[in-house]
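Per the numbering used here, the sequence shown starts with residue 900, numbered consecutively.
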Amino acid sequence: MHRKAVHYVTRTTSVAAGAVATAATSVAAAAVAASIILSPVADASARMDGVSEDLLRAVQLNQITEEQAVKFEARLAGRILGGA
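The structure is reproduced here in structure tokens:
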């Protein structure tokens, strides 16, 4: 095969492979977004349980203080449970 033809085939194939990879990534991202949008919303108490667990973990990892966790949890509880 002629050298220019080999270069063209190689370049065309790699460009096509990149386009397929990009398309696959876009499809996967769309599927994840759809699953998040269509998933049922957790009730308020389940959300607060998750918040409490995350804040406890953050305190254990010394990312925040206990005082910060308590204040933040109270503020979120007001928004999540109080509807404000």
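Glycine included, every Cβ here is placed at the ideal spot set by N, Cα and C.
### Task
Measure the beta-carbon distance from Val958 to Glu965 and round it to whole angstroms, keeping in mind my assumption that it falls under 8 Å.
At roughly 6 Å, the Cβ-Cβ gap stays under 8 Å, so Val958 and Glu965 are in contact.
### Leu954, buried or exposed, once every other Cβ within 10 Å from all chains shown has been counted against 16
buried
### Query
Just how far apart, CA to CA, sit Gln962 and Ala930?
33 Å
#### Entry: Rounded separation between Met947 and Ile979 - CA only
Taking the straight line from one Cα to the other gives about 8 Å.
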